[in-house]
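Notes to accompany the following structure.
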Amino acid sequence: MKIEAVDLYYLSMPTVLDIGDGSQDALLVRVQAGGYTGWGECEAAPLVSIASWACPMSHSACKPVGASILGQRLDGVEDIRRINALVRENSMDLLQADHTLSGVDIALWDLLGKKTGLPVYRLIGYERAYPKTPYASQLFGDDPEATFAKARKVRRDGYRAAKFGWGPYGRGTVEQDADQVRAAREGLGEDGMLLVDAGTVWGDRVEPARQRLEALTACRALWLEEPFVSGALDAYAELANQSDEVRLAGGEGCNTFHQAKSMIDYARLGYVQIDAGRIGGITTAKQVADHARLKKVSYVNHTFTTHLALSASLQPYAGLEDDDLCEYPVEPMALGRELTSTTLSPDRNGQIHLPDAPGLGIEPDPVAIKTYLVEVEIHVAGQVVYKTPVI
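Residues in the sequence shown are numbered consecutively from 10, following the working numbering.
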């Protein structure tokens, strides 16, 4: 079958706040081929990604993403891998291309799964999908009292693990950050799993990160996530050498396999976190999961948006039984909550199971799409190069 149409939809909350919450907007991708429809989602600035899909060619290695996808054959998994590689070749100098490709790649896997009647995890080589233990992912409260209340709530809701990140953490004093971590631990209880996300606040400066290790260790945090920007390999490795008990996590900022590979090989990570909506889709995320397993680094998804993105980000490591943690957004904006008609909810044992349905097993809700849709029309030299398609 031939890829007949790729449609991109810019969705947004009416007001976008200046906070570290990626569920405030979304770029939804619909692919149609052979009478089937696949859906994907990019973890990206929607308007910039739409422009990368439709922009004029600058030169032979800076073509619009759409030029390498529309009209391509899609008959099996090797076609998806071929298309993925073709986009990277033809759009090498178009830096937004990896983000845009991610959503399309996810949609291609969803579509092929529907055509073959198989869930995506089967298409990429796993015999089964193992349940994952979700950690309730949320922002730190504005003060320790708010963080304590959040931690207490997720424990009441049945979560055995929780991650707190961004917000004020890393932006005040060492003692203020320690108070936040202690509040999270108190709210979770002694047996709750505590994870902390610094949101790259220290850039590549090791010393302020090192100063937080004492409180993190005392509160038995499993990991410190993204103390530095992705690619700050020396900083990660230096901090890891000084941390006996708290492991380092990172990698969500990687948008190619080789970036993630370098983080795994040289940053001394305990956990590599990959967003399928950013790294190049399920195709590239699976490559990373395979390499992480080879290097004995635990793989974890990065997801802070919708359940469509959640399903996509779980597929690349669905068949890895030992990698059993998964990020689970518990405070998404209304857009993130309402986009899909079904969700991946924890079972009575507090675990998440991927659907055994064809493709991703998660469908967007047309009503929600229309509710949050932002109409886009891009003109170049008097010509319309992109206009929001009809739902």
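We treat Cβ as the ideally placed atom computed from N, Cα and C, and that holds for glycine.
These numbers come from a predicted model, not from an experiment.
- An exposed status is given to A390, since fewer than 16 other beta-carbon atoms sit within 10 Å of its beta-carbon.
- The beta carbon of F149 is closer than 7 angstroms to those of T156, F173, G174, W175, G176, P177, Y178, Q189 in its chain, skipping five residues each way along the sequence.
- Cβ contact annotation for D332 (same chain, cutoff 6 angstroms, sequence separation greater than five): S307, Y308, Y326, in chain order.
- Within the stretch 117-158, the complete alpha helix (DSSP H) segments at least 4 residues long are 129-132, listed from N- to C-terminus.
- For L204, the beta-bridge partners assigned by DSSP are K172, W232.
- Contact annotation: D27 and F313 have beta-carbon atoms that are not nearer than 9 angstroms.
- Within the model, the alpha-carbon separation for A35 versus A285 is close to 14 angstroms.
- Per DSSP, I115 has no beta bridge partner at all.
- For K72, same chain residues with a beta-carbon under 6 angstroms away, outside a window of 5 residues either side, are M66, N99, S100 in chain order.
- The C-beta distance from A70 to D102 rounds to 5 angstroms, short enough to fall under 8 angstroms.
- DSSP places W62 inside the alpha helix (DSSP H), whose first and last residues are 55-63.
- Selection Q282, R90, C263, V297 evaluated against H108 yields C263 as nearest (Cα-Cα).
- Judged by DSSP secondary structure, S21 falls within the beta strand (DSSP E) whose first and last residues are 12-21.
- In terms of CA proximity to A14, I78 leads the group K159, L278, I78, R357.
- Contact between G289 and D16 fails: their C-beta atoms lie close to 20 angstroms from each other, not under 8 angstroms.
- Classified as buried, G47 has 16 or more neighbouring CB atoms from the shown chains inside 10 Å of its CB.
- For P217, same chain residues with a beta-carbon under 6 angstroms away, outside a window of 5 residues either side, are W211 in chain order.
- Excluding five sequence positions before and after Y135, the CB atoms of its chain that fall closer than 7 angstroms to its own CB belong to A327, G328, given in chain order.
- Ranking W62, V183, Y45, G359 by CA distance to the CA of Y19 puts W62 first.
- The Cβ atoms of P236 and A207 sit closer than 9 angstroms to each other.
- Judged by DSSP secondary structure, A227 falls outside any beta strand (DSSP E) and instead within the alpha helix (DSSP H) spanning 215-227.
- Rounded to whole angstroms, D84 and L303 show a C-alpha spacing of 30 angstroms.
- Note on the stretch 264-317: whole alpha helix (DSSP H) runs with a minimum of 4 residues are 266-275, 291-303, in chain order.
- Apart from sequence neighbours up to five positions away, the residues of its chain that approach L348 with a beta-carbon distance below 8 angstroms are L20, A35, L37, T315, H316, L317, P373, D374, A377, I378, Y381, ordered along the chain.
- Rounded to the nearest angstrom, the gap between the Cα atoms of G240 and G201 is 31 angstroms.
- Taking 9 angstroms as the cut-off, the Cβ atoms of P128 and G368 count as close.
- When C-alpha distances from A366 are compared across A138, K295, Q282, the shortest belongs to A138.
- Looking at the DSSP output, G259 bridges to V281.
- 9 angstroms or more divides the Cβ of K396 from the Cβ of V383.
- In this structure, DSSP gives K396 an extended state, which the three-state scheme calls strand.
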